[in-house]
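Asks: Position one of the sequence shown corresponds to residue 2 (our numbering), numbered consecutively onward.
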Amino acid sequence: MKTEVKVLFAAQHIPGGLEAVFGPAGIPMDVAEVQDFTLQRKRQIRVNLTLDETDKRLSVLLDLLKTHGISWLERRYDCFTDEELESTRLLVMWYDVNAEVFAGPRVGTTYDVSEACNRCGAGARQTSAMIIDGEYLHRLEGRRAAATCYDDMLVDEKLAGTLAESGLIGISFRGVFAAFEKRGHIQLPWRQICATHTMPPLSPRSTGIERDELCSCGRSGFLGQAEVPLRLVYRASDLVDIRDVNVTWEWFGDFHFEGDVSDALFPSPLFLVTPKVWRIFRDAGVTGFDWIPIQVVDE
Numbered sequence: 002m003k004t005e006v007k008v009l010f011a012a013q014h015i016p017g018g019l020e021a022v023f024g025p026a027g028i029p030m031d032v033a034e035v036q037d038f039t040l041q042r043k044r045q046i047r048v049n050l051t052l053d054e055t056d057k058r059l060s061v062l063l064d065l066l067k068t069h070g071i072s073w074l075e076r077r078y079d080c081f082t083d084e085e086l087e088s089t090r091l092l093v094m095w096y097d098v099n100a101e102v103f104a105g106p107r108v109g110t111t112y113d114v115s116e117a118c119n120r121c122g123a124g125a126r127q128t129s130a131m132i133i134d135g136e137y138l139h140r141l142e143g144r145r146a147a148a149t150c151y152d153d154m155l156v157d158e159k160l161a162g163t164l165a166e167s168g169l170i171g172i173s174f175r176g177v178f179a180a181f182e183k184r185g186h187i188q189l190p191w192r193q194i195c196a197t198h199t200m201p202p203l204s205p206r207s208t209g210i211e212r213d214e215l216c217s218c219g220r221s222g223f224l225g226q227a228e229v230p231l232r233l234v235y236r237a238s239d240l241v242d243i244r245d246v247n248v249t250w251e252w253f254g255d256f257h258f259e260g261d262v263s264d265a266l267f268p269s270p271l272f273l274v275t276p277k278v279w280r281i282f283r284d285a286g287v288t289g290f291d292w293i294p295i296q297v298v299d300e
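(1) Which residues bound the alpha helix (DSSP H) around L62?
(2) Rounded to whole angstroms, what is the Cα-Cα separation between E34 and E20?
(3) Start and end of the alpha helix (DSSP H) containing V48?
(4) Sorted by chain position, which residues of the same chain lie with C-beta nearer than 6 angstroms to T51's C-beta, five sequence neighbours on each side aside?
(5) Taking the CB atoms as reference points, tell me whether A123 and W252 lie closer together than 8 angstroms.
(6) When every heavy atom of the ligand FAD is checked, does at least one fall within less than 7 angstroms of the C-beta of V274?
(7) Taking the alpha-carbon positions, what's the G222 to E116 distance?
(8) Less than 8 angstroms between C-beta atoms, sequence neighbours within five positions excluded: which residues of the same chain meet that for A11?
(9) Quick one: what's T208 bridged to in DSSP?
(10) Considering only residues of the same chain and omitting the five flanking positions on each side of S217, which have a CB-CB separation below 7 angstroms?
(11) Based on DSSP bridge pairs, tell me the residues matched to S269.
(12) According to DSSP, simplified to helix, strand and coil, what is P16?
(13) For L189, which of G209, L138, E228 and D213 has the nearest alpha-carbon?
(14) G109 and A180 look like a contact to me (Cβ under 8 angstroms); what is the Cβ gap, rounded to whole Å?
(15) If you draw a straight line from the alpha carbon of L62 to that of A237, how long is it in whole angstroms?
(16) Would you check if the distance between the CB atom of L92 and the CB atom of P270 is smaller than 8 angstroms?
(17) Measuring straight from C-alpha to C-alpha, what distance separates E103 and K277?
(18) Determine whether the beta carbon atoms of M2 and C118 lie at a separation below 8 angstroms.
(19) Determine, using beta carbons only, whether F174 and Q193 come nearer to each other than 8 angstroms.
(20) With DSSP collapsed to three states, give me the class of M30.
(21) When the Cα of L86 is compared with those of R283, V298 and T288, which residue comes out closest?
(22) Which value, in whole angstroms, describes the spacing of the CA atoms of S88 and S129?
(23) Among the candidates E211, P16, G260 and Y151, whose CA atom is the shortest distance from the CA of V98?
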């Protein structure tokens, strides 16, 4: 495993330009993604740079940006080899947030909230097919798998068939429909992956999670921390009853729920799958996902 750091900043106000910070830091210009464009008649230079956490050039660059009064966004994440992914018990499925499709309660998907938290909606149980907004249909083009804004996992029919025939434990499927304002609902050649097993609560040793504004139920209000890699930790005893497809007990993300499901913003659990699922996705040529091994401790 190695940890990489993604740094994003605007360079248009740096005296001497981007070279004034890249040069002294010893960073070649071609290692960064640079967007140079005009917005409202003003030049904009957006920089996206990724370096290893141990790269000494990183601290030099950040010091130079600070000297020039330039703020930046920083995201740290772990990278793993195939051998590391193969050897773990469970993997977090993490989809590119910029490619998600809008779906869920506000599009027409229905839920049973009789046993859910009446403040945040954690524990809401889906009772219909997954309905996605038809305006987001283009985001499925050319893909074999994707996710909704609620981290619901979607796969095309062929991949769903492969998963169904592979002997996976704890997996089921629902239909997927696209909702259009004038055309109504149209069934898509896609399936939603559903998990039948919920994990026990995470170990407090987990990192990369903010817990500052938890709901009174204790299950929601968890948020990711961009500056700290996500590392979910479970006790060895928590893994006794795992399936190939699982979800976390914790529900992540913002929420707004006042009893009306059609107007709700629900948090959502994370998907945890065995390496067997990862291999099926890899062999199918699926892209757009990060796979993050959990960590196991004896407590």
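Yeah, the Cβ is synthetic: ideal placement off N, Cα and C, and Gly gets one too.
Replies: On the basis of the coordinates in this document:
(1) Here the alpha helix (DSSP H) through L62 covers K57 to T68.
(2) Approximately 14 angstroms between the Cα atoms of the pair.
(3) Looking at the DSSP string, V48 is not in any alpha helix (DSSP H); the run it does join, the beta strand (DSSP E), is K43 to D53.
(4) Excluding sequence neighbours, T51 sits near E5 and K7.
(5) The answer is yes: Cβ separation under 8 angstroms.
(6) Here there are no bound small molecules, and the ligand FAD is not part of this structure.
(7) One alpha carbon belongs to G222, the other to E116, and they sit about 18 angstroms apart.
(8) So the qualifying residues of the chain are Q45, I46, R47, V48 and I71.
(9) Paired residues: R232.
(10) These residues qualify, in order along the chain: R120.
(11) Beta-bridge analysis with DSSP links S269 to F253.
(12) Here P16 sits in coil by DSSP.
(13) Nearest of G209, L138, E228 and D213 to L189, Cα basis: L138.
(14) Correct: roughly 6 angstroms between the Cβ atoms.
(15) Between the alpha carbons of L62 and A237 lies a distance of about 41 angstroms.
(16) Contact flag unset, no.
(17) At residue 103 the sequence reads Phe, which differs from the Glu that was named. Going from the Cα of F103 to the Cα of K277 covers about 28 angstroms.
(18) In terms of Cβ geometry, M2 and C118 do not form a close pair [threshold 8 angstroms].
(19) The answer is yes: Cβ separation under 8 angstroms.
(20) The three-state secondary structure of M30, taken from DSSP, is helix.
(21) Ranking R283, V298 and T288 by Cα distance to L86 puts R283 first.
(22) Taking the straight line from one Cα to the other gives about 36 angstroms.
(23) Cα-wise, what sits closest to V98 is Y151.
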